[in-house]
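Trainee:
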Amino acid sequence: MTTLVWAGGLLRAEDEPIVSAQDHGWTVGDGVFETLEVVRGRAFALSRHLKRLAYSAARMGMAEIDAEAVREGVGEILAAGPDSTRLRITVSTGRGPQATARGTGPHTIVVTATDGPRPAECRAVRVPWRRNERSPLAGVKSTSYAENVVMMEFARSRGADEALMANTHGHLCEGTGSNILIERGDEIVTPPLASGCLPGITRGLALEWGADAGLPIRAAAPGELEMSVLDEVLRGEAFAAVSSSTRRIQPLASLDGTALVAGPLLSGLRDVFESAAALDVDPGPRRGK
Ligand SMILES: Cc1ncc(COP(=O)(O)O)c(C=O)c1O
2 MTTLVWAGGL LRAEDEPIVS AQDHGWTVGD GVFETLEVVR GRAFALSRHL
52 KRLAYSAARM GMAEIDAEAV REGVGEILAA GPDSTRLRIT VSTGRGPQAT
102 ARGTGPHTIV VTATDGPRPA ECRAVRVPWR RNERSPLAGV KSTSYAENVV
152 MMEFARSRGA DEALMANTHG HLCEGTGSNI LIERGDEIVT PPLASGCLPG
202 ITRGLALEWG ADAGLPIRAA APGELEMSVL DEVLRGEAFA AVSSSTRRIQ
252 PLASLDGTAL VAGPLLSGLR DVFESAAALD VDPGPRRGK
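Each residue of the sequence shown is one higher than the one before, starting from 2 at the first, in the working numbering.
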């Protein structure tokens, strides 16, 4: 797998040191990021990802991110690696004290691209830890992702590649790098943002494109989806899929080691998503969303 790196206005060698030892992103995870899919040399849903990057920064109280610099980095890295499949934008608050208090920057902006394949399937496990929907970082794509790393290691040690968690109320929340969709009865429901999940770009597009196509899909009411809905999935009474920029819509292949089949509505949603994504590589944010 090749990794391309852009930082400080320049393309860099993959192993070139680019971040100061005093960078607050490095010392305390004080930064934000985005992961995007690359489709035929273009960053998929770039406008939405840049909007969420700005949202995450605002939620963290960071200074406004230089979107032009980010776009420049994205452009240069895609020109250098048109066969890339995945792109990451990372922005930290830059140099700061070796303490929790933040410095005055300037931001460190890094864009990287890789050409690895999309995960072929999703084998998920439930984890005993919970997402804190009251955390200041709930719904923020912050570089403070070590909780997710621990949960993913738990999953990997059990032969899985995604970890699903509840929030502090025991309501279904999300995965470490994906949102979750449940097909129950004759509709698809996904945990609401109030659950503490990330406002996933893929989740948002699935809700919009699914509804446009006439599929019965909606965000659940707070508390409507208990974590125990996954027991229904294991019993074959409901179905589940994950959504993310790297997976798109992926029905669960297994949960806690039990093989699952794809639900008909979720399979339909996956097809709707694939068709719509093929027509529009940068579906702009809709008014009010
Ligand atoms: C915690 C978490 N939830 C959900 C998602 C899915 O978001 P998106 O569809 O924007 O990739 C991600 C993406 O990495 C994530 O990290």
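Note that beta-carbon positions come from the ideal geometry of N, C-alpha and C, so glycine has one too.
Treat the numbers as computed from the prediction; the structure is a model and nothing was measured.
Taking 7 Å as the cut-off, is the beta-carbon of S245 closer than that to any non-hydrogen atom of ligand 1?
Mentor: Numbered from its first residue, the sequence shown carries residue 245 at position 244. Flag set: Cβ of S245 near ligand 1.
Trainee: In whole angstroms, what is the alpha-carbon distance linking A239 and F34?
Mentor: The residue given as residue 239 occupies position 238 in the sequence shown. The residue given as residue 34 occupies position 33 in the sequence shown. Answer to the nearest angstrom: the Cα atoms are 33 Å apart.
Trainee: What is the residue span of the alpha helix (DSSP H) that V71 lies within?
Mentor: Residue mapping note: residue 71 aligns to position 70 of the sequence shown, counting from 1. Taken as a continuous stretch (DSSP letters only), the alpha helix (DSSP H) holding V71 covers A68 to A81.
Trainee: Could you pull out every residue in the same chain whose Cβ sits closer than 8 Å to the Cβ of R287, ignoring the five residues on either side in sequence?
Mentor: On the sequence shown, residue 287 is found 286 positions in, with the first residue counted as 1. The residues are E209.
Trainee: Measure the C-alpha to C-alpha separation of G269 and D232 and round it to an integer number of angstroms.
Mentor: For the purposes of this step, residue 269 is identified with residue 268 of the sequence shown, where counting begins at 1. For the purposes of this step, residue 232 is identified with residue 231 of the sequence shown, where counting begins at 1. Going by the C-alpha atoms only, they are around 23 Å apart.
Trainee: With distances taken from CA atoms, which of A58, I181, I189 and H50 is nearest G197?
Mentor: Numbered from 1 along the sequence shown, position 196 holds the residue referred to as residue 197. Selected option, being the one with the closest Cα: I181.
Trainee: Between E184 and H25, what straight-line distance do the alpha-carbon atoms span, to the nearest angstrom?
Mentor: Numbered from its first residue, the sequence shown carries residue 184 at position 183. Numbered from its first residue, the sequence shown carries residue 25 at position 24. Roughly 42 Å separates the two Cα atoms.
Trainee: Measure the beta-carbon distance from I78 to W7 and round it to whole angstroms, keeping in mind my assumption that it falls under 8 Å.
Mentor: Mapped onto the sequence shown, residue 78 falls at position 77. Mapped onto the sequence shown, residue 7 falls at position 6. Contact holds; Cβ gap of about 5 Å.
Trainee: Is R136 near ligand 1 - that is, is its Cβ less than 7 Å away from at least one heavy atom of it?
Mentor: Start at 1 with the first residue of the sequence shown, and residue 136 comes out as number 135. For clarity, residue 136 is Ser in the given sequence; the question names Arg instead. No, the Cβ of S136 stays beyond 7 Å of every heavy atom of ligand 1.
Trainee: Just checking T191 against ligand 1 - is the residue's beta carbon closer than 7 Å to any of the ligand's heavy atoms?
Mentor: As a working mapping, residue 191 is identified with position 190 in the sequence shown. T191 Cβ: outside cutoff for every heavy atom of ligand 1.
Trainee: Please work out which residues of its chain come closer than 7 Å, Cβ to Cβ, to A121, disregarding the five sequence neighbours upstream and downstream, and give them in chain order.
Mentor: In the sequence shown, residue 121 corresponds to position 120, counting from 1. Here the set comprises nothing.
Trainee: Please return the same chain residues whose Cβ sits closer than 7 Å to the Cβ of S93, not counting the five positions on each side in sequence.
Mentor: In the sequence shown, the residue the question calls residue 93 occupies position 92. Excluding sequence neighbours, S93 sits near D24, H25, G26, D31, G32, H108, T109 and T144.
Trainee: DSSP on V262, reduced to helix/strand/coil?
Mentor: Sequence index remark: in the sequence shown, residue 262 carries index 261 (1-based). Of the three classes helix, strand and coil, the one that applies to V262 here is coil, per DSSP.
Trainee: Check whether the Cβ of T36 sits closer than 7 Å to any heavy atom of ligand 1, and report yes or no.
Mentor: Numbered from its first residue, the sequence shown carries residue 36 at position 35. Yes, the beta carbon of T36 sits closer than 7 Å to at least one heavy atom of ligand 1.
Trainee: Return the bridge partner residues of I189 from the DSSP annotation.
Mentor: On the sequence shown, residue 189 is found 188 positions in, with the first residue counted as 1. DSSP lists E184 and I218 as partners of I189.
Trainee: Taking 6 Å as the limit between beta carbons, can you name the residues of its chain near L11, skipping five residues before and five after?
Mentor: Along the sequence shown, read from residue 1 onward, the residue named residue 11 stands at position 10. So the list is empty, once near-sequence residues are dropped.
Trainee: Around the C-beta of G171, are 16 or more other C-beta atoms found within 10 angstroms, so that it is buried, or is it exposed?
Mentor: Working through the sequence shown from its first residue, we reach residue 171 at position 170. Classification for G171: exposed.
Trainee: Would the C-beta of N149 count as close to ligand 1, meaning under 7 Å from any of its heavy atoms?
Mentor: For this step, residue 149 is matched to residue 148 along the sequence shown. Under cutoff, so the answer is yes.
Trainee: Using a 10 Å radius around the Cβ and a threshold of 16 neighbouring Cβ atoms, would you call Q251 buried or exposed?
Mentor: If you number the sequence shown from 1, residue 251 lands on position 250. Classification for Q251: buried.
Trainee: Roughly how many angstroms separate the alpha carbons of G314 and D187, rounded to a whole number?
Mentor: What is shown of the chain runs 2 to 290, which leaves residue 314 out entirely.
Trainee: From what residue to what residue does the alpha helix (DSSP H) around M152 run?
Mentor: Indexing the sequence shown from 1 puts residue 152 at position 151. From DSSP, the alpha helix (DSSP H) with M152 extends over A147 to R157.
Trainee: Cβ atoms of L173 and V230: under 8 Å apart, would you say?
Mentor: For the purposes of this step, residue 230 is taken as residue 229 along the sequence shown, with counting starting at 1. For the purposes of this step, residue 173 is taken as residue 172 along the sequence shown, with counting starting at 1. In contact: V230 and L173 (Cβ atoms closer than 8 Å).
Trainee: Could you give the distance in angstroms between the alpha-carbon of R89 and the alpha-carbon of T113?
Mentor: As a first step, residue 89 is located in the sequence shown; it is residue number 88 there, counting from the start. As a first step, residue 113 is located in the sequence shown; it is residue number 112 there, counting from the start. When rounded, the distance between both Cα atoms is 5 Å.
Trainee: Tell me the DSSP bridge mates of P252?
Mentor: Translated into positions along the sequence shown, residue 252 becomes position 251. For P252, which the question treats as bridged, DSSP gives the partners A242.
Trainee: For ligand 1, is there a heavy atom less than 7 Å away from the beta-carbon of I202?
Mentor: The residue given as residue 202 occupies position 201 in the sequence shown. Flag set: Cβ of I202 near ligand 1.
Trainee: Determine, for G215, whether the minimum Cβ-Cβ distance to residues of chain D falls below 8 Å.
Mentor: The question asks about chain D, but that chain is absent: this structure has only one protein chain.
Trainee: Any idea if D213 is buried or exposed, counting beta-carbon neighbours within 10 angstroms, 16 or more meaning buried?
Mentor: What you label residue 213 is simply residue 212 of the sequence shown in a count that begins at 1. Classification of D213: exposed, given that the 10 Å Cβ count is below 16.
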